[in-house]
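Colleague: Note that the UniProt record's numbering has the sequence shown beginning at 1, numbered continuously upward.
All C-beta atoms in this analysis are idealised placements derived from N, C-alpha and C, irrespective of residue type, glycine included.
None of these values were measured; they are calculated from a predicted model.
Let me begin by handing over the structure; questions about it come next.
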Amino acid sequence: MAVLVLEAGMEQPDVSLVPGLYSTMQGSNVDWGYTTMPDGRSCLERPGQACSWPRGKMMGGSTSINSYAYIRGNKLDYDKWAEMGNDGWSYKESEEYLSETYMQPTSRAPCGGKETSEDGRARSPPTTLSCNPSDNQERI
């Protein structure tokens with residue numbers, strides 16, 4: 001099997017390899033410069049009530065400009081794809097595969113990071129997630 005990946009823009013700049021420096025790329029030549037549409041509920045303090053919506057214009061796309069944040073798509077988007085005739089793409093059908101892409105949180109690793117299994121071997125999925133404790137954790 002062969003896969004062709006097309007990305008607009010240039011190679012990732014070195015700064016994109018440091019998640020904490022992601023904001024330095026926003027508004028630069030590797031950002032498409034998109035803004036949100038005013039909706040009367042958000043970005044009210046911003047000019048035109050529109051917020052910037054950083055989107056990466058480089059290899060790696062928006063993942064390279066958003067500090068490598070893992071954001072799963074909205075459940076309704078997946079279900080809409082299935083309704084449009086894309087069998088197997090409903091959220092319920094996709095969830096198993098989406099869950100295999102990262103380490104699920106457990107009591108031993110509540111933020112989904114690496115943990116040691118009962119046999120002493122480290123489990124290492126393609127991606128490990130981390131979280132920062134906050135007041136919002138109570139709401140999830």
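Using the Cα positions of Leu39 and Gln49, report the straight-line distance between them to the nearest angstrom.
Modeller: The amino acid at residue 39 is misidentified as Leu; the sequence shows Asp. Each residue's Cα considered, the two are about 8 Å apart.
Colleague: Should Ser64 and Gln12 be called a contact, given that it needs their Cβ atoms to be closer than 8 Å?
Modeller: A contact, by the Cβ cut-off of 8 Å.
Colleague: In chain order, which alpha helix (DSSP H) runs of at least 4 residues are fully inside the stretch 64-91?
Modeller: Fully enclosed alpha helix (DSSP H) runs of 4 or longer: 75-83.
Colleague: Would you mind giving the Cβ-Cβ distance between Pro54 and Asp31, rounded to the nearest angstrom? I have them listed as a contact below 8 Å.
Modeller: Indeed, because the Cβ distance is near 5 Å, the residues count as touching under 8 Å.
Colleague: Suppose you measure from the CA of Leu4 to the CA of Lys92; what does that come to, to the nearest Å?
Modeller: Each residue's alpha carbon lies about 28 Å from the other.
Colleague: Where does Gly56 land, buried or exposed, given buried means 16+ other C-beta within 10 angstroms?
Modeller: The residue in question, Gly56, is buried, as its Cβ has 16 or more Cβ neighbours within 10 Å.
Colleague: Keeping to the same chain, check which residues put their C-beta closer than 6 Å to that of Gln26; ignore five residues upstream and five downstream.
Modeller: Pro54, listed in sequence order.
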